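Participant:
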Amino acid sequence: MPATNKKSLSDKSYSQKAYLGKFPYNLVNSGNLTKYFQTLTDYQFISNKINHPDFGIQALIEDYDLLDDTQTATHPDQTKTLKYIQSALRLSAHILTQDKQQLVSQLWGRLQTIKTPAMQTLLTQAQKTQPHPWLRPLTPSLTQAGGRLLRTLSGHSHLVNTVAVTADGKRVISGSGSMDNTVKVWNLETGKQ
1218 MPATNKKSLS DKSYSQKAYL GKFPYNLVNS GNLTKYFQTL TDYQFISNKI
1268 NHPDFGIQAL IEDYDLLDDT QTATHPDQTK TLKYIQSALR LSAHILTQDK
1318 QQLVSQLWGR LQTIKTPAMQ TLLTQAQKTQ PHPWLRPLTP SLTQAGGRLL
1368 RTLSGHSHLV NTVAVTADGK RVISGSGSMD NTVKVWNLET GKQ
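First residue of the sequence shown? That's 1218 in my numbering, and the numbers climb one at a time after it.
And the structure:
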């Protein structure tokens, strides 16, 4: 491969990494909230960030937390849409970490009942750009975004019979008791042990 092709591939890779890594943050800091909302409801951005080896699902989930209280209050409808998408991603994180090809099915299964134009556009984009066969739930069969369940924590080898949340609400402690005698401490935001 000629040196110019290697350089252009390297530049493209760097540009994509910079775009996926800093673009939402820069949009919020510059006050361009319209473009921020468009970016985080764009299926291609969501898919690219999840599939990039330097980012993944958790980095994308964190992009949805960049707005401050004033920005949230002045854009309630857009913020609600973003929170639904973030919730769907958080609920799907344990699946998408294992199999990123399930992104479209996970979004459809968790967001199809939300009939806002932005949500329907996202689901249509996802359906049209999916290169692999996928299961499209016809009814809301997965836990819906925006509900009480925040995240699935995977890691115990047996049934969990004890769960406690720390007073600050940031950590969860789970135990399998007599099954495998393990206790695990989880970060509730990231789902990591």
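C-beta: ideal position from N, C-alpha, C; glycine also.
Here the structure is a predicted model, which is why all the values come from computation and not from measurement.
Tell me whether Ile-1390 sits in a helix, a strand or coil according to DSSP, three-state version.
Facilitator: As a working note, residue 1390 is residue 173 in the sequence shown. Strand, per DSSP.
Participant: List in chain order: all unbroken alpha helix (DSSP H) runs of 4+ residues lying wholly within the stretch 1255 to 1325.
Facilitator: Runs found: 1260 to 1268, 1274 to 1280, 1286 to 1291, 1293 to 1313.
Participant: Starting from Lys-1401, trace the beta strand (DSSP E) both ways and give me its first and last residue.
Facilitator: In the sequence shown, residue 1401 corresponds to position 184, counting from 1. Here the beta strand (DSSP E) through Lys-1401 covers 1400 to 1404.
Participant: Measuring CA to CA, which of Ala-1276, Asp-1259, Leu-1306, Leu-1250 is closest to Thr-1291?
Facilitator: Position 74 of the sequence shown, counted from the start, is the residue given in the question as residue 1291. Ranking Ala-1276, Asp-1259, Leu-1306, Leu-1250 by Cα distance to Thr-1291 puts Leu-1250 first.
Participant: Taking the alpha carbon of Ser-1391 as the point to measure from, which residue in Ile-1302, Ala-1384, Trp-1403 has its own alpha carbon closest?
Facilitator: Locating residue 1391 in the sequence shown gives position 174, where the first residue counts as 1. Closest option to Ser-1391, Cα to Cα, is Trp-1403.
Participant: Going by C-alpha distance, which of Leu-1355, Tyr-1236, Tyr-1260 is nearest Thr-1341?
Facilitator: Taking the sequence shown and counting its residues from 1, the one referred to as residue 1341 is at position 124. Out of Leu-1355, Tyr-1236, Tyr-1260, Tyr-1260 has the C-alpha closest to the C-alpha of Thr-1341.
Participant: Using a threshold of 9 Å, state whether the C-beta atoms of Leu-1328 and Ile-1302 are closer than that.
Facilitator: Taking the first residue of the sequence shown as 1, we reach residue 1328 at position 111. Taking the first residue of the sequence shown as 1, we reach residue 1302 at position 85. In contact: Leu-1328 and Ile-1302 (Cβ atoms closer than 9 Å).
Participant: Considering only their Cβ atoms, is the gap separating Thr-1256 from Phe-1240 smaller than 9 Å?
Facilitator: Residue 1240 sits at position 23 when you count from the first residue of the sequence shown. Residue 1256 sits at position 39 when you count from the first residue of the sequence shown. Contact: yes.
Participant: Does DSSP put Tyr-1231 in a helix, in a strand, or in coil?
Facilitator: By one-based count along the sequence shown, residue 1231 stands at place 14. In this structure, Tyr-1231 counts as helix in the three-state DSSP scheme.
Participant: Name the two residues that bound the continuous alpha helix (DSSP H) containing Ala-1343.
Facilitator: Mapped onto the sequence shown, residue 1343 falls at position 126. Here the alpha helix (DSSP H) through Ala-1343 covers 1334 to 1346.
Participant: Does the beta-carbon of Leu-1324 have 16 or more other beta-carbons within 10 angstroms, so that it is buried, or is it exposed?
Facilitator: Translated into positions along the sequence shown, residue 1324 becomes position 107. Buried: at least 16 other Cβ atoms inside 10 Å.
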